[in-house]
Each structure stands twice: as C-alpha cells, then as structure tokens.
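K.L.:
Number of protein chains: 2
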Amino acid sequence: MAKKRKTEATRERILNAAEELFAQRGFDGVTVRQIMRKADADVALAYYHFKSKRDLFDAVLLRHAEVLNDIRLQALEELEARHADEQPAVDEIIAAFTNPLLQLLVEDHEKWKHYFALIAQINNSPEWGGELMTRFFDPLVKRFLEALRRARPDWAEEEIYWSYHFLSGALTLTFAETGRIDNLSGGLCRSTDMQAISERMPRFVAAGFRALAEG
Amino acid sequence: MAKKRKTEATRERILNAAEELFAQRGFDGVTVRQIMRKADADVALAYYHFKSKRDLFDAVLLRHAEVLNDIRLQALEELEARHADEQPAVDEIIAAFTNPLLQLLVEDHEKWKHYFALIAQINNSPEWGGELMTRFFDPLVKRFLEALRRARPDWAEEEIYWSYHFLSGALTLTFAETGRIDNLSGGLCRSTDMQAISERMPRFVAAGFRALAEG
DNA sequence: AGCGTATTTCAACAGTTGTTGAATTGCAAG
DNA sequence: CTTGCAATTCAACAACTGTTGAAATACGCT
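Protein sequence lines correspond, in order, to chains A and B.
Counted the way the numbering used here counts, the first sequence spans residues 1 to 215.
Counted the way the numbering used here counts, the second sequence spans residues 1001 to 1215.
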C-alpha cells in the first residue's frame, strides 16, 4: 500500500515546474522538455505520470482549485453563520470572495503566485477562458452570487452578473502581477503588494456593485 | 512612386489573419504557416514583408494602437474644452477613457473584436503584459490620470493608481469576450454585448474610484 | 534472497517549427 | 521591347515538437 514514495515527490516536482512555466509563457509557449529539465527528470516521465501535455496542464489547474474553492466556501459560510438572523453586508460577502485568495498570496507568495498568474492568463484567453474557468470555479461563483442575491433581493440579476464580470477582471489582472502599475506609478504602487490590494479591492468593487444595482 | 499596388493588399491580408489567430491562440499557439494559409499567401512572404514572426506580432499591435490613442485623447480634450472653467466630473473622465473603445466595438464589432481580444491576452500575461502595454498605451493612460488628478486634487495618488489597475482589469476582461458570463448567467448577459457594458462600466468604475479615494 | 510491480532511463519516430536563398513572376519606367 | 526592381514562389535547412516502446533500475513484499 505504501509503495509510492519517490513517485509522489517527482510528480510534485513536475507539477511545480509545469505550473511556473505555464504561468509565465502559456500552454504553447512551453515545451515538455523545458518543464522536465526544470523538474530535473527525464522527458518520458511526463507521459508516464500524466499521459499528455494537455493532461499535465489540466492536472496543474486541478491541483489547487479545490483548496481555493474550499477556503472561499468556508469564508462565506462563516460569514453567514455570524449573521444568522439578519443578512450580511455586501462588502463582507465580496471580501469573503476575494480576500481568502489575496490572503494566501500575502502569506505564502512564492507558493501561490505562479498558480494565480496561470489563472489570470486563462481567464482572459478566448481559447481557454470560457470553458476552463466555468469548469473549475463557476460552482463556487454561483454560490457566491446567490448569497449576494439573498442579501439584496431588490437588486436586478443582470446588474449582479455584470458587476461580477468587472470584479473578475480586476481580480485576475491582480493575479497576473505584470508590473505595469509599478512602471505607471513610478514605484509608488507594486503589483506584488497583495496587502495593499486586499485593503482596496473589496471597497472598490462593493461600491461598483451598489452603483450598478441601485441606479 | 505608385509602384506598390498588390503589396499593400497582401500586407493587410497578412496582418488581418495574424491578428485573428494571435488573438485566439496567443503568440506561441499559432504558426506562421497557419497565418499565411489564412491570408492565402506563401509562407516566405511573411518574412519578406515583416522580418520575423515576432516583428509581425509587433506590427499587428502597432497597426491600431495609434488610432485608439487618438480617439481617446480626442474624447478627453473635447471633454476638457466643454468644461473650460470648472473641472469635469469623474464619471465623464472615465467615460472618455472607456467609451471610445467600447463604441468602436459596438459600431464595427467584426473589425475590432480580434484586436481587442489580443490586447486582453497581453495585458494579463506576465511575459508580455508589463512591457508591451507600457510601450503602446501608457502615455495616454498617464494623460488620463493627470486629468483625474486635476479634477480631484484632494484624492491620494496611490488610490488613483490602484483604481486604474482595477479599471484596467475590468476593461480587458471585457475585451476577451470569453463567453463565461453567458454561461454563468444562463444567457441573461452576453459577453459580446458592448452596449450593455458601456452603459455600466463607467458607473461601476467611477463609484469604485470615489470609494477608494474618499475613504 | 528473490519475485513482481512501479518508476526511471534511453533512443528514436514522424511531423512541425521558424527561417532562408535562389529562382520566378509581375509591373512600371526608359 | 527591354531593363530593373518589387513581389511572389519553391524547395529546403537544421532544430525542435509531442509522444512512444523497450530496456534498465529501484523498491516493497514474502
């Protein structure tokens, strides 16, 4: 039963290398050989552990998706438990959606930054964006939008969806950490400063939601 | 002098084909042969008219960047002329920044959608995002942020930069037209509906700016 | 120790990649 | 018509692509 010892280690090394390179250069910008060189393993091992480059890509995505969905669901449920009788504020619901991710990036930036950068690229790609994001994250997103609807039943559904669209764009550009805001601001703001962002994004987005939904 | 007749036509065909394919699958997801097959021209012509794949990519980006910067600058200057004495409202400044682009997409969707989708991918790519967006668009962005600073000198610079960051994310995800909001909303919202977006984004973003800058 | 399976290596494949040089065509000016 | 250059075609290159099968090694179990 406890046969696998070196197995898990190399599988992880491959996934780590793939995650970093895919995040930097995209699916087609990276070769299997580059990944395996970074993972310090033979090329053929990629096809032994995962059966194709595409399956390796999917495995990279899957590896952390569940954890992310879990911590966000947990944050939402905690919030709802805290407000057993009345409804939670919109700001709090949005913070429960964005802050668990940003908090992860604050606490262990090295571990998470590549995965998030990968999500950023996928979300804005016509080729992958629609299907993959839907597959991995939409169940949680729907749960989140339901909470919003319950909190503000007077808001039009359409406005909630568009607001989420804007939120999603702001969040994923943050994940990309392109350094553009660093240039633009002359160093005043840094795109790696997740603390600064987690203090601002929920406020920014919540105000947007209200502006749309309350006309 | 009037030697070039077929030249310009094929150059344009190559650029059109490259624009569409790069937008769909990214720089590395497309081969020069695929581009030239779509352009109905010999492979070698790509290297005659542009000297490398990378230079073709840059040419695609450059082709429309100037037009976009011009119409946005014009919208901003018109706005400032209209408010010669007092300062324009924040909503109007933001609309002058976003609506010219969205209006282009409303009026001639077929012509523009691929170029904008390409921008969306680049903006969220760690590899290209920082440098290319800075090179092509930051002069205009700085002009726009100056207008905001003049309109609201009481706002902290930092908050303006972060707000722009969120705006940029929301705008570029819109350009990607991934169809994700279509799935999510069960068809209620369509990611190609630029009319709906241009009615909402300036309001959403302006409220966000205010929320950040006015604490 | 030795057996069996899980893991790793090695070498190779057929097809594709970006790119180039030489040969060919098209066209305008003398 | 011919000369000259711009535009286009054709064929090829070396390097690299994803992927595979067979051989070698490592490791847990009896």
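Ideal placement from N, C-alpha and C gives every residue a C-beta, glycine not left out.
Tell me which residues share the same chain as L1171 of chain B and place their Cβ nearer than 8 Å to its Cβ, disregarding the 5 neighbours each side in the sequence.
P.N.:
Stepping through the second sequence from its first residue, residue 1171 of chain B is reached at position 171. Excluding sequence neighbours, L1171 of chain B sits near T1098, L1101, M1201.
K.L.:
Quick check on I1181 of chain B - is its C-beta less than 9 Å from some C-beta in chain A?
P.N.:
Residue mapping note: residue 1181 of chain B aligns to position 181 of the second sequence, counting from 1. It does; some Cβ of chain A falls within 9 Å.
K.L.:
Among the residues of its own chain, which have a CB less than 8 Å from the CB of M36 of chain A, if the five just before and after it don't count?
P.N.:
On the first sequence, position 36 is the one that residue 36 of chain A refers to. Excluding positions up to five away in sequence, the list reads I14, A17, D42, V43, L45, A46.
K.L.:
Between which two residues does the alpha helix (DSSP H) containing D182 of chain A stretch?
P.N.:
By 1-based counting over the first sequence, the position of residue 182 of chain A is 182. D182 of chain A -> alpha helix (DSSP H) spans 180 to 184.
K.L.:
Just the chain B side, please: which residues come within less than 9 Å of N16 of chain A by C-beta, in chain order?
P.N.:
Stepping through the first sequence from its first residue, residue 16 of chain A is reached at position 16. Simply none; closest approach about 17 Å.
K.L.:
According to DSSP, is V205 of chain A helix, strand or coil?
P.N.:
The residue you call residue 205 of chain A lines up with position 205 of the first sequence. Helix at V205 of chain A.
K.L.:
Please tell me whether K4 of chain A has its Cβ less than 9 Å away from any Cβ of chain B.
P.N.:
Taking the first sequence and counting its residues from 1, the one referred to as residue 4 of chain A is at position 4. Note that K4 of chain A scores 49 on pLDDT, short of 50, meaning its location in the model is unreliable; the coordinates nonetheless yield the value given after this. Judged by the 9 Å Cβ criterion, K4 of chain A is not in contact with chain B.
K.L.:
Could you check the C-alpha separation between M194 of chain A and L212 of chain A for me, to the nearest Å?
P.N.:
For the purposes of this step, residue 194 of chain A is identified with residue 194 of the first sequence, where counting begins at 1. For the purposes of this step, residue 212 of chain A is identified with residue 212 of the first sequence, where counting begins at 1. Answer to the nearest angstrom: the Cα atoms are 26 Å apart.
K.L.:
Please go through the region 1114 to 1176 of chain B and give each complete alpha helix (DSSP H) segment of 4 or more residues, from N-terminal end onward.
P.N.:
Fully enclosed alpha helix (DSSP H) runs of 4 or longer: 1129 to 1151, 1157 to 1176.
K.L.:
Would you say M1 of chain A faces chain B, with C-beta separation under 9 Å as the test?
P.N.:
Taking the first residue of the first sequence as 1, we reach residue 1 of chain A at position 1. Annotation note: pLDDT 37 at M1 of chain A (below 50); position unreliable, coordinate value reported separately. Chain B contact via Cβ: absent.
K.L.:
Which residues in the same chain as G130 of chain A place their Cβ atom closer than 7 Å to its Cβ, once the five residues preceding and following it in sequence are excluded?
P.N.:
Your numbering for residue 130 of chain A matches position 130 in the first sequence. Here the set comprises nothing.
K.L.:
If we count the other Cβ atoms within 10 Å of its Cβ and call it buried at 16 or more, is G1169 of chain B buried or exposed?
P.N.:
Counting from 1 along the second sequence, the entry for residue 1169 of chain B is found at position 169. G1169 of chain B comes out buried.
K.L.:
Can you list, in chain order, the residues of its chain whose CB lies under 7 Å from that of K3 of chain A, leaving out five sequence neighbours each side?
P.N.:
As a first step, residue 3 of chain A is located in the first sequence; it is residue number 3 there, counting from the start. Reliability of the predicted coordinates at K3 of chain A is poor, the pLDDT of 45 falling under 50, and the value obtained from them is presented with this limitation in mind. Closer than 7 Å at the Cβ level, and outside the excluded window around K3 of chain A, lies no residue.
K.L.:
Using the beta-carbon of each residue, which ones in chain B are nearer than 8 Å to W162 of chain A?
P.N.:
Translated into the one-based positions of the first sequence, residue 162 of chain A becomes position 162. Per Cβ cutoff of 8 Å: I1181, C1189, A1196, I1197, R1200, F1204.
K.L.:
Give the secondary structure of G83 of chain A by DSSP, where H, G and I count as helix, E and B as strand, and everything else as coil.
P.N.:
In the first sequence, the residue the question calls residue 83 of chain A occupies position 83. Residue identity check: residue 83 of chain A is His in the sequence provided, not Gly. Looking at H83 of chain A - three-state DSSP - the assignment turns out to be coil, as it is neither helix nor strand.
K.L.:
Hey, is Q103 of chain A's beta-carbon within less than 9 Å of any beta-carbon in chain B?
P.N.:
Along the first sequence, one-based indexing puts residue 103 of chain A at 103. Not one chain B Cβ lies under 9 Å of Q103 of chain A.
K.L.:
Have a look at A:H49, A:K38, A:D55, A:Y161 and flag the residue whose alpha-carbon is nearest the alpha-carbon of F27 of chain A.
P.N.:
Here residue 27 of chain A refers to the residue found at position 27 of the first sequence. Here the closest residue by C-alpha is A:D55.
K.L.:
Could you say which of A:Q74, A:E86, A:F116 lies nearest to Q24 of chain A if we only look at CA atoms?
P.N.:
Counting from one through the first sequence, the residue named residue 24 of chain A turns up at place 24. Among A:Q74, A:E86, A:F116, the Cα nearest to that of Q24 of chain A is on A:F116.
K.L.:
Would you please verify whether the beta carbon of F209 of chain A is less than 9 Å from any beta carbon of chain B?
P.N.:
Within the first sequence, residue 209 of chain A is the residue found at index 209, counting from 1. Yes, F209 of chain A lies at the interface with chain B (some Cβ there is under 9 Å from its Cβ).
K.L.:
Counting Cβ pairs, one atom from each stretch, are 3 or more of them under 8 Å apart for the region 1181 to 1200 of chain B and the region 1146 to 1161 of chain B?
P.N.:
As far as the Cβ criterion goes, the region 1181 to 1200 of chain B does not touch the region 1146 to 1161 of chain B, which means the pair count is below three.
K.L.:
Confirm the yes/no value for this check: CB of Y48 of chain A, any heavy atom of the ligand SAH, distance under 8 Å.
P.N.:
Ligands in the displayed structure: none, and consequently the ligand SAH is not present.
K.L.:
So that I know if they touch, is there some Cβ in chain B lying closer than 9 Å to that of H165 of chain A?
P.N.:
What you label residue 165 of chain A is simply residue 165 of the first sequence in a count that begins at 1. Interface residue, yes.
K.L.:
Measure the CB-CB distance between A1065 of chain B and F1137 of chain B and report whether it falls below 9 Å.
P.N.:
Along the second sequence, read from residue 1 onward, the residue named residue 1065 of chain B stands at position 65. Along the second sequence, read from residue 1 onward, the residue named residue 1137 of chain B stands at position 137. Cβ atoms of A1065 of chain B and F1137 of chain B: closer than 9 Å.
K.L.:
Taking the Cβ atom as the reference point for each residue, do H1114 of chain B and E1020 of chain B lie within a distance shorter than 9 Å?
P.N.:
Start at 1 with the first residue of the second sequence, and residue 1114 of chain B comes out as number 114. Start at 1 with the first residue of the second sequence, and residue 1020 of chain B comes out as number 20. Yes, the pair counts as a contact, with Cβ atoms nearer than the cut-off.
K.L.:
Just the Cα atoms here: how many angstroms apart are E191 of chain A and A1009 of chain B?
P.N.:
As a first step, residue 191 of chain A must be located in the first sequence, where it is residue number 191. As a first step, residue 1009 of chain B must be located in the second sequence, where it is residue number 9. Per the sequence shown, the amino acid found at residue 191 of chain A is Ser instead of Glu. Going by the C-alpha atoms only, they are around 42 Å apart.
K.L.:
How about E8 of chain A: is its C-beta nearer than 9 Å to some C-beta of chain B?
P.N.:
Locating residue 8 of chain A in the first sequence gives position 8, counting from the first residue. For E8 of chain A, the answer is no, since every Cβ of chain B falls outside 9 Å of its Cβ.
K.L.:
Within 10 angstroms of the Cβ of A84 of chain A, are there 16 or more other Cβ atoms? Answer buried if so, exposed if not.
P.N.:
In the first sequence, counting from the first residue as 1, residue 84 of chain A sits at position 84. It is exposed - the Cβ of A84 of chain A has fewer than 16 other Cβ atoms within 10 Å.
K.L.:
Given a threshold of 16 other Cβ atoms within 10 Å of its Cβ, counted over all protein chains shown, does E249 of chain A qualify as buried or as exposed?
P.N.:
Outside the shown range of chain A, which is 1 to 215, sits residue 249 of chain A, and nothing can be said about it.
K.L.:
In whole angstroms, what separates the C-alpha of A1207 of chain B from that of S163 of chain A?
P.N.:
Position 207 of the second sequence, counted from the first residue, corresponds to residue 1207 of chain B. Position 163 of the first sequence, counted from the first residue, corresponds to residue 163 of chain A. The straight-line gap from Cα to Cα measures roughly 12 Å.
K.L.:
Pick from B:L1132, B:F1166, B:P1139, B:V1090: whose alpha carbon is nearest that of F204 of chain A?
P.N.:
Counting from 1 along the first sequence, the entry for residue 204 of chain A is found at position 204. Of B:L1132, B:F1166, B:P1139, B:V1090, the residue nearest in Cα terms is B:F1166.
K.L.:
Measuring CA to CA, which of B:H1049, B:R1011, B:I1071, B:A1096 is closest to E1199 of chain B?
P.N.:
Taking the second sequence and counting its residues from 1, one reaches residue 1199 of chain B at position 199. Here the closest residue by C-alpha is B:A1096.
K.L.:
Return the chain-ordered list of same chain residues with a C-beta closer than 8 Å to the C-beta of R210 of chain A, the five sequence neighbours on each side being excluded.
P.N.:
One-based indexing of the first sequence puts residue 210 of chain A at position 210. Closer than 8 Å at Cβ, skipping near neighbours: V90.
K.L.:
Cα separation between Y1161 of chain B and P1153 of chain B?
P.N.:
Taking the second sequence and counting its residues from 1, the one referred to as residue 1161 of chain B is at position 161. Taking the second sequence and counting its residues from 1, the one referred to as residue 1153 of chain B is at position 153. Y1161 of chain B and P1153 of chain B: Cα-Cα distance of roughly 14 Å.
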